[in-house]
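Asks: Numbering (the numbering used here), first residue to last: 258 to 722. Take a look at the following structure, please.
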């Protein structure tokens with residue numbers, strides 16, 4: 258390893274060390290070793306991997322700190338890999354000189370409003386471990402074409418922009434694991450205008466990534482609305498994803514191209530996470546093939562789960578709830594499917610704590626027709642759910658057909674009735690079916706189903722009206 262001090266760097270936190278770092282990069286052995294100290298960078302360090310060869314940065318077990326005092330990334334890593342990850346697709350010089358550029362155990366802090374951490378283009382197997390990125394415009398940005406990214410055990414914290422930004426990127430195989438990604442105002446992980454396959458976001462703490470001044474924000478934002486973009490084949494698993502209320506905010510937001518071409522975002526599993534405290538907890542728009550399972554999803558100021566213009570969505574085994582320890586933030590606002598089809602909602606508990614009201618100051622007022630809503634949708638199955646204390650109705654179905662509601666308990670636990678009814682159909686529809694449910698009659702009855710809605714009612718506990 259080449260210690261940058263041996264090439265003229267001072268590490269005193271005052272002297273410009275840019276030229277010394279470039280000298281070490283040019284004439285050293287490929288590893289920039291930053292021994293304990295604070296190093297000032299005043300221009301981007303460009304790393305042309307094909308020229309430099311095998312490359313790494315080592316911050317001496319986290320004791321080295323780099324201050325980026327200018328606009329742009331501290332390091333710009335540029336490779337030439339332009340194929341996929343198939344071993345047969347590698348050019349010899351990529352495998353020999355460019356594979357696995359590695360950044361270990363170093364801190365980068367921004368001292369300029371437009372300072373950033375790392376920009377990657379054309380890299381193969383880039384690896385970040387034990388890295389602290391803070392006070393930056395973005396922490397890690399990937400642009401163009403990259404393959405096989407690993408981000409592990411990092412702290413990406415309190416950045417003005419985005420923690421990890423996938424920007425107009427062609428990427429296959431990326432793993433983000435075991436990291437803290439928090440307090441990044443424009444999003445923790447944000448994906449825009451990309452073609453991505455095989456993305457794993459696992460075992461992270463992703464919190465408080467929002468900006469109240471923005472129209473919309475999200476802890477994890479996946480946006481495939483641009484022409485030619487698509488994000489498929491991924492997991493968001495075993496993370497803690499929490500925030501605070503912000504207008505237009507979401508914990509997880511996945512946007513597909515449009516409702517007709519909704520396969521551009523999907524083939525995703527959102528599993529085993531703790532997700533809470535935003536305007537919408539999980540927001541899926543124009544998605545296909547997303548499974549939301551085994552999560553605790555709580556305190557959505559507008560909706561816990563909002564699905565729009567999507568198909569083949571399965572939400573199963575989730576708890577939609579609130580935290581009684583935080584009385585002033587207590588709310589559960591329910592689940593809404595709109596303009597969607599071929600979806601299953603099953604084995605869930607949806608418990609509204611305030612019967613349609615909440616006590617969070619400044620939050621958007623709740624506007625809903627039921628705790629679980631199905632609107633302008635077809636071929637929807639609801640089964641095995643407990644829908645508790647819903648207001649004004651437990652389950653609301655509007656202008657929908659082939660909706661089957663079976664084996665659900667739609668009940669009220671309050672002594673004084675607040676709900677108007679357990680299940681209400683409204684508008685027009687056909688081939689809807691309600692059977693084998695346990696229902697509490699509200700002020701208007703248990704099941705409200707006008708003839709125009711096309712509802713067949715089987716045997717239920719709780720009667721009909």
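Even glycine gets a Cβ: it sits at the ideal position worked out from N, Cα and C.
1. Whose C-beta lies closer than 6 Å to the C-beta of residue 638 among residues of the same chain, with five residues either side of it excluded?
2. Work out the CA separation of residue 379 and residue 404 for me, nearest whole Å.
3. By Cβ distance, which residues of its chain are closer than 6 Å to residue 324, with the 5 residues on each side in sequence left out?
4. Suppose the cutoff is 6 Å on Cβ atoms and the five residues either side in sequence are ignored; what does the same chain contact list for residue 522 look like?
5. Flag this pair as touching only if the stretch 564-572 and the stretch 493-503 have three or more C-beta atom pairs under 8 Å; answer yes or no.
6. In whole angstroms, give me the CA-to-CA distance for residue 410 and residue 519.
7. Could you name the residues of the same chain whose beta carbon sits closer than 7 Å to that of residue 516, not counting the 5 residues immediately before and after it, in chain order?
8. Please look up how many angstroms separate the CB atoms of residue 715 and residue 678, rounded, as I've assumed it's under 8 Å.
9. Measure the CB-CB distance between residue 691 and residue 655 and report whether it falls below 7 Å.
10. Taking the Cβ atom as the reference point for each residue, do residue 711 and residue 689 lie within a distance shorter than 7 Å?
11. List the endpoints of the continuous beta strand (DSSP E) containing residue 653.
12. Who does residue 403 pair with in a DSSP beta bridge?
13. When the distance is taken between beta carbons, is residue 311 closer than 7 Å to residue 287?
14. Taking all protein chains shown into account, do 16 or more other C-beta atoms lie within 10 angstroms of the C-beta of residue 683, making it buried, or fewer, making it exposed?
15. In the DSSP assignment, the beta strand (DSSP E) including residue 321 goes from what residue to what residue?
16. I need the straight-line Cα distance from residue 700 to residue 421, nearest angstrom please.
17. What is the rounded straight-line gap between the Cα of residue 455 and the Cα of residue 658?
18. Identify which residue in 435, 460, 426 and 304 has its Cα closest to the Cα of residue 447.
19. I'd like the list of long-range same chain contacts for residue 437, defined as Cβ closer than 6 Å, with 5 residues on each side in sequence excluded.
20. Which residues mark the beginning and the end of the beta strand (DSSP E) in which residue 508 is found?
21. With distances taken from CA atoms, which of 317, 389 and 537 is nearest residue 558?
22. If you reduce the DSSP assignment to three classes, tell me which class residue 625 lands in.
23. Quick one: complete beta strand (DSSP E) runs, 3+ long, within the stretch 519-607?
24. Could you round the C-beta distance between residue 400 and residue 373 to whole angstroms and report it? I think they count as a contact, below 8 Å.
25. So is residue 485 buried or exposed if we call it buried at 16+ other beta carbons inside 10 Å?
26. Pull up the distance between the alpha-carbon of residue 681 and that of residue 589, whole angstroms please.
27. So which of 347, 434, 290 and 341 has the shortest CA-CA distance to residue 316?
28. Just list the residues that DSSP pairs residue 363 with in beta bridges.
29. Can you tell me where the alpha helix (DSSP H) holding residue 283 begins and where it ends?
30. Classify residue 348 as helix, strand or coil using the three-state DSSP reduction.
Replies: Looking at the atomic coordinates:
1. These residues qualify, in order along the chain: 601 and 661.
2. Taking the straight line joining both Cα atoms gives about 8 Å.
3. Closer than 6 Å at Cβ, skipping near neighbours: 297, 366 and 368.
4. 481, 488, 511, 513 and 544
5. no
6. Rounded to whole angstroms, the separation of the alpha carbons of residue 519 and residue 410 is 34 Å.
7. 543, 566 and 596
8. Actually they are not in contact, since the Cβ atoms of residue 715 and residue 678 sit about 17 Å apart, beyond 8 Å.
9. no
10. yes
11. 650-655
12. 428
13. Yes, they are a contact pair.
14. buried
15. Unbroken beta strand (DSSP E) run through residue 321: 321-325.
16. 51 Å
17. 35 Å
18. Check the Cα spacing between residue 447 and each of 435, 460, 426 and 304: the tightest is with 426.
19. 412 and 462
20. 506-512
21. For the residues 317, 389 and 537, the minimum Cα distance to residue 558 belongs to 537.
22. coil
23. 522-528, 531-542, 545-550, 553-565, 568-573, 576-578, 592-595 and 598-603
24. Between residue 373 and residue 400 the Cβ distance is about 12 Å, and since that is not below 8 Å, they are no contact.
25. exposed
26. 20 Å
27. 290
28. 321
29. 275-284
30. coil
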